[in-house]
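A.B. asks: All the letters of the sequence shown, read from the start, carry residue numbers 1 to 113 under this note's numbering.
We put the CB at the ideal spot given by N, CA and C, even for glycine.
Model, not experiment: these values are computed from the prediction.
Let me begin by handing over the structure; questions about it come next.
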Amino acid sequence: RLWFSEVLYALSSAANNNGSAFAGLSVNTPFYNLLLALAMFIGRFGVILPVLAIAGSLAAKKRQPAGNGTLPTSGPLFVGLLVGTVMLVGALTFIPALALGPVAEHLKVWLTR
């Protein structure tokens, strides 16, 4: 059984307010109901509160004039760097679990024989 991958997918899906899960995972239990509700709560407010704090901090700062070393935020270079950074951070978040999940599941099956 793919326990690790199923739980990882259910938690990431709940945190993103998608609500889907693999068919093999029975999530209609009190444990999973509370765990996924907590994941939804953290996925929603764990992101909103730091973003509001950063926005408040940036709103309180004074505007600086653009200089020679300023990267313009309206050009394709900034867009490319931003998209690349978001994709890299997203990949680095899930690649270890996606790569090691099947190994852990194989060892679990192999050791429980």
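#1: Give a yes or no on whether the C-beta atoms belonging to Gly-101 and Phe-31 are separated by under 7 angstroms.
#2: Using DSSP with H/G/I as helix, E/B as strand and the rest coil, what is Arg-63?
#3: How big is the Cα-Cα spacing for Leu-52 and Arg-113?
#4: Give the secondary structure of Arg-44 by DSSP, where H, G and I count as helix, E and B as strand, and everything else as coil.
#5: By a C-beta neighbour count over all protein chains shown, 10 Å radius and 16 as the cutoff for buried, is Leu-92 buried or exposed?
#6: Which residues in the same chain have their Cβ closer than 7 angstroms to the Cβ of Ala-97, if we skip the five residues on either side of it in sequence?
C.D. replies: Taking the structure as given:
#1: no
#2: coil
#3: 51 angstroms
#4: helix
#5: So Leu-92 counts as exposed.
#6: Leu-8
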